[in-house]
Amino acid sequence: DTEVTQTPKHLVMGMTNKKSLKCEQHMGHRAMYWYKQKAKKPPELMFVYSYEKLSINESVPSRFSPECPNSSLLNLHLHALQPEDSALYLCASSQDDREGYNEQFFGPGTRLTVL
Amino acid sequence: AQSVTQPDIHITVSEGASLELRCNYSYGATPYLFWYVQSPGQGLQLLLKYFSGDTLVQGIKGFEAEFKRSQSSFNLRKPSVHWSDAAEYFCAINFGNEKLTFGTGTRLTIIP
Numbered sequence: 329d330t331e332v333t334q335t336p337k338h339l340v341m342g343m344t345n346k347k348s349l350k351c352e353q354h355m356g357h358r359a360m361y362w363y364k365q366k367a368k369k370p371p372e373l374m375f376v377y378s379y380e381k382l383s384i385n386e387s388v389p390s391r392f393s394p395e396c397p398n399s400s401l402l403n404l405h406l407h408a409l410q411p412e413d414s415a416l417y418l419c420a421s422s423q424d425d426r427e428g429y430n431e432q433f434f435g436p437g438t439r440l441t442v443l
Numbered sequence: 021a022q023s024v025t026q027p028d029i030h031i032t033v034s035e036g037a038s039l040e041l042r043c044n045y046s047y048g049a050t051p052y053l054f055w056y057v058q059s060p061g062q063g064l065q066l067l068l069k070y071f072s073g074d075t076l077v078q079g080i081k082g083f084e085a086e087f088k089r090s091q092s093s094f095n096l097r098k099p100s101v102h103w104s105d106a107a108e109y110f111c112a113i114n115f116g117n118e119k120l121t122f123g124t125g126t127r128l129t130i131i132p
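Chains U and E, in that order, are what the protein sequence lines are. Numbering-wise, the first sequence is residues 329 to 443 according to the numbering used here. Numbering-wise, the second sequence is residues 21 to 132 according to the numbering used here.
1. Let me make sure I understand the geometry here. Which of U:K337, U:L443, U:S422 has the alpha-carbon closest to that of M355 of chain U?
2. Please look up how many angstroms separate the CB atoms of W362 of chain U and L404 of chain U, rounded, as I've assumed it's under 8 Å.
3. Give the single residue among E:K81, E:F122, E:S90 whose Cα lies nearest to the Cα of P99 of chain E.
4. Measure the C-alpha to C-alpha separation of M341 of chain U and A408 of chain U and round it to an integer number of angstroms.
5. So V77 of chain E and A37 of chain E are in contact, right, with Cβ under 8 Å, and what is the actual spacing, rounded?
6. How big is the Cα-Cα spacing for G125 of chain E and L401 of chain U?
7. For the putative contact between I130 of chain E and V24 of chain E, defined by C-beta atoms under 8 Å, what is the C-beta separation to the nearest angstrom?
8. Under 9 Å Cβ-Cβ, which residues of chain E neighbour V388 of chain U?
9. Output yes if chain E places a C-beta closer than 8 Å to the C-beta of Q432 of chain U; else output no.
10. Helix, strand or coil for S104 of chain E, going by three-state DSSP, please let me know.
11. Kindly list the residues whose CB is nearer than 6 Å to the CB of P371 of chain U, restricted to its own chain and excluding five residues on each side of it in sequence; keep chain order.
12. Have a look at L67 of chain E and E331 of chain U and give me their C-alpha separation to the nearest angstrom.
13. Assign Q410 of chain U to one of two classes, buried (16 or more other C-beta atoms within 10 Å of its C-beta) or exposed (fewer than that).
14. Quick check on DSSP: helix, strand or coil for P436 of chain U?
15. Identify, in the order they occur along the chain, each residue of the same chain with its Cβ nearer than 6 Å to the Cβ of R97 of chain E, setting aside the five sequence neighbours on each side.
16. What runs of the beta strand (DSSP E), each 3 residues or longer, lie entirely inside the stretch 62-121 of chain E?
17. Counting only Cβ-Cβ distances shorter than 8 Å, please list the residues of the stretch 372-402 of chain U near chain E, keeping chain order.
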């Protein structure tokens, strides 16, 4: 199984809502990533989890809260978002983030719209 | 400073024609190099990667890329494009840490 799954595919939320994005992989990968991608732009790294511990936070606002309950699951909790947070949120995983030659496998993304 | 550049924002080619997408980087050593493709509204799919050995690498969907150390380049090629190749292509580089640095992307349009 070489797939990263993400749910939901689409999400519309108001600025006062609380929602969560979910990502799952069953490849035995020990590194998982959250990216944000605006239209016509490359993905921007948000968070990296390595062996279930947060290893990189790219100065992301606290209204985004990541969680890694186990080695296969990655969540992104959303609260009090702004309309400019509307984007495609991509999850990825790799064998290990400490070896640069390990490719990242990407999920299909969650299209988030904040009203 | 470490950087990756895709000089072409948009390329249009005819179906059946050959394709070359450019990627250049700035780094003092040989980085780990990747090409990803993204169809509209979808995730990224790895086409190929290079980190050592033969400088001409073969990937999926008939793509290949050549690493040229002297030119700090890793250009993607395909001898004959198909309409289904229309997508956004990202060159991505790992400069020896936990992060991938993406180029700005090249949008490929295929005309019949």
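Just so you know, even glycine gets a beta-carbon here, dropped at the ideal spot from N, CA and C.
By the coordinates alone:
1. U:S422
2. 6 Å
3. E:K81
4. 10 Å
5. Not quite, the Cβ-Cβ distance comes to about 22 Å (not below 8 Å), so this is no contact.
6. 29 Å
7. At roughly 25 Å, the Cβ-Cβ gap does not stay under 8 Å, so I130 of chain E and V24 of chain E are not in contact.
8. Within 9 Å Cβ-Cβ: nothing; V388 of chain U doesn't reach chain E, min ~14 Å.
9. yes
10. helix
11. Y363, Q365, L418
12. 15 Å
13. exposed
14. coil
15. E40, E84
16. 64-70, 76-78, 84-88, 93-98, 107-114
17. L373, V376, S378, S383, I384
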